[in-house]
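To start, the structure under review is shown below, and the notes come after it.
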Amino acid sequence: MSEKVILVWFRNDLRIHDNEILSEAVRRADKVLPVYIFDPFYFKTNINGSQKTGSFRARFLLESVAGLRQNLQGFGAELIIRTGDPAEVLTQLADEYKVSEVYHHREVAPDETAVSERVEAALWKMKLNLKHFIGHTMYHKEDLPFPIKDIPDSFVTFKKKVERDSTVRPSVISPDHISVPEIIDAGELPTLADLGVPEPLDDTRATEKFVGGETTALKQLHSYLNGLPNNQVKQVRGAQCNSSGLSPWLAVGCISPRQVYWEVVNYLKDHHLSNTDPIMLELLWRDYFRFMFKKHGQKYFRSEGFGDAPDTADNQDELFEQWKNGQTGAPYIDAAMHQLNATGYITNYSRQAVATYLTKDLQVDWTRGALYFEEKLIDYSPASNWGNWAFVAGVGNDTKSNRFFNAAKPTDQLDTNSDFINIWLPASKHIGEQPVISQ
Ligand SMILES: Cc1cc2nc3c(=O)[nH]c(=O)nc-3n(C[C@H](O)[C@H](O)[C@H](O)COP(=O)(O)OP(=O)(O)OC[C@H]3O[C@@H](n4cnc5c(N)ncnc54)[C@H](O)[C@@H]3O)c2cc1C
């Protein structure tokens with residue numbers, strides 16, 4: 216009898232731990248074929264001239280795929296790497312390796328689900344099944360106390376019901392060994408140049424450099440855990456706030472939110488600390504936006520969102536250029552934009568501040584800001600980005616649970632941390648007052 220080969224199509228799940236598609240494939244198949252595909256769609260230039268994936272995120276992704284290959288080799292396996300259209304690559308590999316089934320994790324954003332549908336249709340023509348798994352959230356979709364269509368739009372209600380009626384599943388057990396078929400051509404990792412992405416310039420002012428991969432994700436988690444007693448005194452001001460810094464790894468799935476949850480729970484228990492930590496609330500926000508994307512899809516990409524498109528300034532082209540180049544004259548906003556451009560990362564506080572400033576003060580269409588973040592952020596994730604932007608712009612599906620940046624806050628309470636401004640804003644640009652944040 217011929218061997219059963221299952222192809223595991225890695226996308227935003229670049230890890231071995233708590234990876235159901237991998238563990239299930241190992242359990243059910245004689246041989247597993249791990250594959251990662253660089254899809255040119257994600258490296259194209261948008262019509263406005265921006266790149267779909269900026270330099271910092273593209274490098275992080277390459278490091279993460281390289282890390283996955285290395286870790287799989289430690290399990291006796293090999294990662295096949297290709298560049299091309301997933302529908303073509305997967306059908307060709309399925310034919311070459313006599314694959315009987317393909318496993319992947321289901322995504323929620325329209326671009327990603329469209330790729331899955333094309334792959335599914337192409338495989339179907341070969342009488343092959345694309346099996347969908349759910350694995351990107353802390354709470355499993357099937358364990359929610361409501362079907363997706365009935366998920367409360369209000370975050371507060373969502374949180375209350377989920378915390379009362381659901382539990383987080385245990386992480387799946389990682390395989391001990393992975394058997395792969397004889398691989399003829401595993402393929403080279405492309406370079407940034409191959410993908411058409413410029414090399415990022417590492418700015419000496421950046422205190423933290425994010426390096427992709429599951430191994431570095433676990434290190435980052437452990438350094439967060441080691442600082443936990445202090446992290447629990449979470450400060451209000453984002454610039455000083457003790458956050459985990461895990462978002463780039465969570466975005467490409469080098470670590471799962473469920474693993475983060477359980478490691479935090481166990482650490483708290485072992486160290487007799489309070490049984491809850493701010494990270495659990497943040498991960499719930501992440502889940503919420505993903506479930507909302509599943510429920511509402513395309514609505515998150517429209518200027519009007521769930522209401523009416525906000526008024527925009529007549530000169531929004533000019534204002535948008537000033538904002539993205541950190542030339543608005545508002546020191547905190549400009550410093551944050553310089554930091555974003557130089558590193559691909561800014562804190563949640565800074566994201567809220569610059570998004571509020573763009574949409575409320577400058578009255579620029581929020582979708583321009585969201586598209587700019589899509590290019591620049593090292594941790595870009597469609598649901599988290601577009602969901603948060605719609606929220607800040609006031610066109611999200613929940614206008615009540617706004618725990619966000621207080622747009623009406625007096626300007627002298629806006630973070631005036633001069634160290635931050637001195638670091639990120641060239642001295643000649645220290646002009647003007649703090650931004651006047653208005654409703
Ligand atoms: C306008 C705007 C755009 C954003 N775009 C993104 C994005 O593209 N990708 C992204 O991961 N986060 C996004 N966020 C959310 C948040 O700013 C980042 O997740 C956070 O700054 C990451 O830092 P951390 O890992 O230290 O977070 P922590 O505070 O340690 O939180 C742990 C994890 O929870 C998740 N999380 C935290 N806050 C949020 C939130 N508000 N919404 C959704 N998930 C959250 C992240 O995965 C994060 O790593 C955005 C926020 C705003 C206001």
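Following the numbering used here, the numbering of the sequence shown begins with 216 at its first residue and continues without gaps. We put the beta carbon where it would ideally sit given N, CA and C, even for glycine.
Cβ pair residue i, residue j closer than 8 Å
i: residue 238; j: residue 467; result: no
i: residue 567; j: residue 610; result: no
i: residue 308; j: residue 404; result: no
i: residue 323; j: residue 605; result: no
i: residue 365; j: residue 612; result: no
i: residue 295; j: residue 398; result: yes
i: residue 538; j: residue 573; result: yes
i: residue 527; j: residue 579; result: yes
i: residue 382; j: residue 418; result: no
i: residue 165; j: residue 521; result: With the chain covering 216 to 654 only, the question about residue 165 has no answer from this structure.
i: residue 475; j: residue 496; result: no
i: residue 407; j: residue 277; result: yes
i: residue 396; j: residue 248; result: yes
i: residue 506; j: residue 602; result: no
DSSP-derived helix/strand/coil call for residue i
i: residue 316; result: strand
i: residue 277; result: helix
i: residue 251; result: strand
i: residue 548; result: helix
i: residue 516; result: helix
i: residue 571; result: helix
i: residue 290; result: coil
i: residue 558; result: helix
i: residue 534; result: helix
i: residue 266; result: strand
i: residue 225; result: strand
i: residue 246; result: strand
i: residue 479; result: helix
i: residue 387; result: coil
i: residue 637; result: helix
Sequence-distant residues of its chain with Cβ nearer than 6 Å to residue i (five each side left out)
i: residue 502; result: 352, 353, 354
i: residue 464; result: 432, 470
i: residue 219; result: 244, 245, 315
i: residue 483; result: 490
i: residue 228; result: 234, 320, 468
i: residue 420; result: 638
i: residue 281; result: 404
i: residue 297; result: 252, 304, 402
i: residue 260; result: 266
i: residue 356; result: 349
C-alpha distance - residue i paired with residue j, whole-angstrom precision
i: residue 492; j: residue 442; result: 12 Å
i: residue 459; j: residue 471; result: 14 Å
i: residue 428; j: residue 336; result: 31 Å
i: residue 480; j: residue 290; result: 28 Å
i: residue 344; j: residue 264; result: 38 Å
i: residue 341; j: residue 302; result: 12 Å
i: residue 436; j: residue 233; result: 15 Å
i: residue 286; j: residue 317; result: 21 Å
i: residue 594; j: residue 272; result: 7 Å
i: residue 570; j: residue 504; result: 17 Å
i: residue 448; j: residue 380; result: Since pLDDT at residue 448 reaches only 44, below the 50 mark, its modelled position is unreliable, and the value read off the structure follows with that caveat. Distance between the alpha carbons of residue 448 and residue 380: 28 Å.
i: residue 401; j: residue 262; result: 34 Å
i: residue 300; j: residue 312; result: 18 Å
i: residue 329; j: residue 389; result: 30 Å
i: residue 288; j: residue 349; result: 25 Å
i: residue 422; j: residue 362; result: 43 Å
i: residue 494; j: residue 430; result: 20 Å
i: residue 347; j: residue 331; result: 9 Å
i: residue 523; j: residue 546; result: 31 Å
i: residue 634; j: residue 531; result: 31 Å
Close beta carbons around residue i, own chain, < 7 Å, minus the five adjacent residues each side
i: residue 553; result: 541, 639, 640
i: residue 512; result: 325
i: residue 473; result: 233, 353, 383, 384, 386
i: residue 478; result: 436, 440
i: residue 561; result: 551, 554, 555
i: residue 519; result: 610
i: residue 559; result: 269, 271, 272, 591, 592, 593
Chain C contact for residue i (CB, 8 Å cutoff)
i: residue 567; result: Of the protein chains in the structure, only one exists, and it is not chain C.
Proximal residues to residue i (C-beta, below 8 Å), its chain only, five neighbours per side dropped
i: residue 600; result: 585, 588, 589, 592
i: residue 305; result: 222, 224, 250, 252, 317, 334, 337, 338
i: residue 258; result: 266, 267, 268, 273, 410, 411, 412
i: residue 674; result: Outside the shown range of the chain, which is 216 to 654, sits residue 674, and nothing can be said about it.
i: residue 217; result: 313
Can you check the region 296-382 for any alpha helix (DSSP H) of at least 4 residues that lies completely inside it and give the ranges in chain order?
301-311, 325-340, 370-380
For a minimum of 4 consecutive residues, which ranges assigned as the alpha helix (DSSP H) are wholly contained in the region 577-615?
581-591, 597-608
Let me know the beta strand (DSSP E) ranges lying completely inside the region 389-468, each 3 residues or longer, listed in chain order.
none
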